[in-house]
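Each protein sequence line maps, in turn, to chains P and E. Numbering follows my numbering, with no gaps: position 301 of the first sequence is 538. Numbering follows my numbering, with no gaps: position 349 of the second sequence is 586. Glycine included, each C-beta is placed from N, C-alpha and C at the ideal position. Please read the structure below before turning to the comments.
There are 2 protein chains.
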Amino acid sequence: MTEAASRPTLEAVAARAGVSRATVSRVVNGGEGVREPLVERVRQAVEELGYVPNQAARSLVTKRHDAVAVVIAEPEDRVFADPFFARQLRGISKELTAHDNQLVLLLTEGRDDHARVARYLAGGHVDGALVFSLHLDDPLPGLIQRAGVPTVFGGRPGWSDETLRAPYVDSDNRGGAREAVRHLAGLGRTRIAHITGPLDQTSAADRLDGYRDVVGDADPRLVVESDFTPVGGERAMRALLDRVPGLDAVFAANDLTAAGALRVLRERGRRVPDDVAVIGFDDMLPLAEQTDPPLTTVRQDIEEMGRLMARLLLHRLDPDTPATPDGDGAETNASTGVVLPTTLVRRASA
Amino acid sequence: MTEAASRPTLEAVAARAGVSRATVSRVVNGGEGVREPLVERVRQAVEELGYVPNQAARSLVTKRHDAVAVVIAEPEDRVFADPFFARQLRGISKELTAHDNQLVLLLTEGRDDHARVARYLAGGHVDGALVFSLHLDDPLPGLIQRAGVPTVFGGRPGWSDETLRAPYVDSDNRGGAREAVRHLAGLGRTRIAHITGPLDQTSAADRLDGYRDVVGDADPRLVVESDFTPVGGERAMRALLDRVPGLDAVFAANDLTAAGALRVLRERGRRVPDDVAVIGFDDMLPLAEQTDPPLTTVRQDIEEMGRLMARLLLHRLDPDTPATPDGDGAETNASTGVVLPTTLVRRASA
DNA sequence: TTGAAAGCGCTAACAA
DNA sequence: TTGTTAGCGCTTTCAA
């Protein structure tokens with residue numbers, strides 16, 4: 238129904254080359270310990286027959302799949318409004334491809350899918366998993382750990398449970414936030430507000446911590462919790478302006494939020510950056526370049542995060558694979574987490 | 238190295254339930270023709286042992302993988318600047334999941350990867366493929382067809398070669414463009430310009446055709462080829478304004494381009510929509526809502542496209558699966574193409 | 001260095 | 001309705 242003419246087997250290649258199946262197998266898998274003339278003959282036969290190994294048969298005996306699952310939990314609209322995952326996927330894909338691994342994508346829509354994913358992973362279909370989970374209370378990571386599949390997480394996991402210590406890759410959310418707020422302070426701003434993301438996400442919580450690292454225990458009215466959306470940003474900005482009319486800077490937890498804030502500031506007649514300086518986070522393009530004025534923001538190297546996650550996982554699966562690239566500035570501790578540096582991108586808003 | 242304690246096999250379950258492997262197999266695969274008490278006993282054993290079938294062993298004999306490859310050719314930055322693929326993937330994933338199929342993601346970076354993808358598909362690792370290819374001259378689709386894997390394309394394939402007739406899913410680019418331009422004409426605009434996309438992509442070519450369907454052979458200076466980017470849109474808009482200062486409407490081939498055009502219009506002191514009405518294509522959010530003024534545009538149901546692609550493919554793989562949903566307005570001809578309707582979303586720019 | 005042979009865990013005739 | 005058995009295509013001891 239699905240496969241037309243059956244493909245040639247090892248047997249066929251062996252017959253054609255006049256050798257045993259074992260010899261063909263050796264050649265196909267690297268040719269160690271086979272004399273040159275034979276290698277050549279086998280290669281030729283493989284070529285002529287267009288032989289491609291049957292992965293199922295191979296997996297059956299090796300118990301290896303050369304496949305890795307990428308689990309993206311709850312891809313709400315918010316998630317897809319931003320090319321974040323696409324970029325990570327690209328990084329992951331590049332690294333996996335370079336090491337001949339396949340990428341099995343598992344998207345979950347709410348809790349119903351969790352059992353399905355857990356079962357799949359427990360089923361030993363893949364050698365490992367790369368997991369993105371956004372919320373603190375997400376049960377999926379726990380399920381996955383229990384499934385016993387080697388896993389690397391994307392983003393610092395939020396659980397407090399020490400037994401669930403797991404390797405992860407994240408950007409330096411706290412450091413990036415710190416740099417942004419310091420920049421604002423360096424501009425002479427003294428009443429710096431912060432619009433947070435949903436604080437049940439570690440990225441949002443870490444950015445808030447970075448903000449606090451710099452401003453200390455500033456006026457609590459300068460911090461408003463929001464939700465990473467433009468509309469949320471507008472609402473938060475209005476609240477801030479009502480509470481602290483004299484504020485002179487805003488650090489928004491992401492660019493979408495910053496865009497909303499910018500609109501409200503314009504609507505209220507504040508000039509940016511003259512009256513109020515604004516900094517976002519993500520360097521989400523094209524948005525960040527196209528706000529009015531163009532947004533100063535904290536850039537994270539999303540693709541590299543993906544690449545690194547894959548690299549870490551492959552290293553766990555096969556220690557011959559190098560765990561990290563040669564000195565790219567990442568703070569590395571492969572058994573727990575790897576934190577990638579961020580950079581402040583200066584445009585016109587601050 | 239990757240799997241710790243070996244998982245229970247059919248054999249083990251059979252022993253525990255006191256039946257033969259065949260019986261367990263039957264129960265696991267639906268339980269047809271097995272008497273109730275036995276079914277129950279087997280279920281129990283499966284439960285107690287935590288048995289999960291070994292997919293490799295199963296594939297080896299069934300020649301089925303219950304897996305579908307999704308091939309995304311050349312994901313340039315442009316592609317990831319927009320949540321298009323993420324949305325399609327979600328639609329595909331939902332449909333595949335509903336039919337217990339896995340999604341193997343194959344991203345290609347340039348030509349080097351084509352051979353790799355072709356080999357993978359030819360290798361019979363998956364039952365079918367869903368392929369996105371953007372450019373007319375892309376050799377990948379040809380390679381894939383030759384690999385003999387059942388395939389459904391995303392977007393109307395651009396090749397003229399009739400032998401490569403293949404099923405595809407696309408939005409009604411031409412019809413959507415027609416509706417947009419008609420809307421502009423209905424507003425009383427008489428000098429309607431069009432900023433095209435890269436014309437080696439069928440979506441761009443089709444939108445241009447739709448424009449021509451309405452304006453006929455209007456002043457050729459009103460059409461400028463661009464590249465789907467904001468910067469390209471700016472450049473195109475400047476050229477248009479220089480050539481035809483009196484134009485009173487612009488239909489941009491996508492929202493990114495429209496955003497660029499909007500900026501140039503503002504910079505040149507034209508009021509939108511009073512002096513010049515502008516319509517985009519895609520309804521890319523949040524961009525389309527956040528331009529100034531918010532963009533009137535043509536929306537396509539991206540997620541549904543993905544879902545439909547998967548449905549079509551699954552139907553080819555197993556005719557029991559319904560090919561199309563019950564009357565959702567799609568123009569259906571499953572052996573060639575399915576074209577999904579678009580809708581005009583009115584905001585403030587036209 | 002090469003080959004023979006024993007499975008990997010499962011499904012699908014076929015027989016009982 | 002249930003069990004027996006013969007492979008699916010490959011890797012991997014073990015002997016030669």
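So that I know if they touch, is there some Cβ in chain E lying closer than 7 angstroms to that of P/S262? No, P/S262 lies away from the interface with chain E (no Cβ there is under 7 angstroms from its Cβ).
To which residues does DSSP link E/H431 through a beta bridge? E/V460, E/F488.
Which bits of chain E does P/V283 rub up against, with CB to CB less than 8 angstroms? Residues of chain E passing the Cβ test: none, with the nearest at roughly 12 angstroms.
Near-chain E residues of the region 356-371 of chain P - C-beta to any C-beta below 8 angstroms: Identification of residues in the region 356-371 of chain P having a C-beta nearer than 8 angstroms to some C-beta of chain E yields R356, Y357, A359, G360, G361, H362, D364, G365, given in sequence order.
Using a Cβ-Cβ cut-off of 8 angstroms (strictly less than) and excluding sequence neighbours within five positions of P/A249, which residues of its own chain qualify? The beta carbon of P/A249 sits closer than 8 angstroms to those of L286, Y288, all from its chain and outside the five residues before and after it, given in chain order.
Answer with buried or exposed for P/G564, where buried requires no fewer than 16 other C-beta atoms within 10 angstroms of its C-beta. Bear in mind that the predicted position of P/G564 carries a pLDDT of just 49, short of 50, making it unreliable; the figure below should be weighed with that in mind. Exposed is the call here.
Within chain P, partners of E/F465 - CB distance below 8 angstroms: The contacting residues do not exist; E/F465 stays about 11 angstroms from chain P at best.
Chain E residues whose Cβ lies nearer than 8 angstroms to that of P/V289: Neighbours of P/V289 on chain E, chain order: R356, A359, G360, G361.
What in chain P is Cβ-close to E/E471, meaning under 8 angstroms? Those do not exist, as E/E471 stays about 11 angstroms from chain P at its closest Cβ, beyond 8 angstroms.
Relative to the C-alpha of E/R419, which candidate in E/L373, E/V576, E/V535 has its C-alpha closest? Comparing C-alpha distances from E/R419 to each of E/L373, E/V576, E/V535 shows the shortest one belongs to E/V535.
Beta-carbon neighbours of E/F322, restricted to chain P and to distances below 8 angstroms: Contact of E/F322 with chain P by beta-carbon distance below 8 angstroms involves A323.
For P/A359, name the three-state secondary structure that DSSP assigns. If DSSP states are grouped into helix, strand and coil, P/A359 belongs with the helices.
Taking the DSSP output, what are the residues bridged to E/D407? Partner(s): E/V576.
Using the C-alpha atoms, what's the distance from E/G385 back to P/Y357? Rounded to the nearest angstrom, the two C-alpha atoms are 28 angstroms apart.
Between E/R584 and chain P, is the shortest Cβ-Cβ distance under 7 angstroms, so that the two count as touching? Not one chain P Cβ lies under 7 angstroms of E/R584.
Verify the CB distance criterion: does P/L247 have a CB-CB separation below 7 angstroms to chain E? No, P/L247 lies away from the interface with chain E (no Cβ there is under 7 angstroms from its Cβ).
Mind checking whether P/P467 and P/A496 have CB atoms under 7 angstroms apart? In this structure, P/A496 lies closer than 7 angstroms to P/P467 by Cβ.
Please list, in chain order, the chain P residues whose beta carbon lies closer than 9 angstroms to that of E/E346. Within 9 angstroms of the CB of E/E346, the CB atoms of chain P belong to R327, S330, K331, T334, in sequence order along the chain.
Once DSSP output is grouped into helix, strand and coil, what is the label at E/A310? Note: E/A310 maps to coil in three-state DSSP.
May I have the straight-line CA-CA distance separating E/E262 from E/E284, to the nearest angstrom? Going by the sequence as given, residue 262 of chain E is Ser instead of Glu. Going by the C-alpha atoms only, they are around 14 angstroms apart.
Neighbour list for E/Q591 in chain P, Cβ cutoff strictly below 8 angstroms: Nothing about residue 591 of chain E can be read from this structure; chain E reaches only from 238 to 587.
Does the beta carbon of P/V341 come closer than 7 angstroms to any beta carbon on chain E? By this cut-off, P/V341 is an interface position.
Contact set between P/A294 and chain E, taken where Cβ atoms lie within less than 7 angstroms: L297, listed in chain order.
Going by Cα to Cα distance, which pick from P/R583, P/E273, P/A560, P/T427 is closest to P/D485? Among P/R583, P/E273, P/A560, P/T427, the Cα nearest to that of P/D485 belongs to P/T427.
Same chain, Cβ closer than 6 angstroms to P/D512, neighbours up to 5 away in sequence not counted: There are no such residues.
For P/A335, count neighbouring Cβ atoms within 10 angstroms of its own Cβ and tell me buried if that reaches 16, exposed if not. Answer is exposed; the Cβ neighbour count stays below 16.
Along chain E, in chain order, which residues have C-beta atoms closer than 9 angstroms to that of P/Q527? In chain order: P467, A496, G497, R500, L524, Q527, T528.
DSSP beta-bridge partners for E/L343? Bridge partners of E/L343 according to DSSP: E/V308.
What residues from chain E crowd round P/R244, counting only those whose CB sits closer than 9 angstroms? Counting only Cβ-Cβ distances below 9 angstroms, P/R244 has contacts in chain E at A359, G360, G361, in chain order.
Nearest CA to the CA of E/A254: which residue from E/G270, E/R500, E/L275, E/A455? Of E/G270, E/R500, E/L275, E/A455, the residue nearest in Cα terms is E/L275.
Helix, strand or coil for E/L217, going by three-state DSSP, please let me know. No statement about residue 217 of chain E is possible, as the shown extent of chain E runs from 238 to 587 and does not include it.
Unbroken beta strand (DSSP E) run spanning E/T334, endpoints: From DSSP, E/T334 is part of no beta strand (DSSP E) but of the alpha helix (DSSP H) over 321-335.
Proximity below 7 angstroms, CB of E/V354 to CB of E/V305: Contact flag unset, no.
The beta strand (DSSP E) with P/V368 in it runs from where to where? For P/V368, the enclosing beta strand (DSSP E) begins and ends at 365-369.
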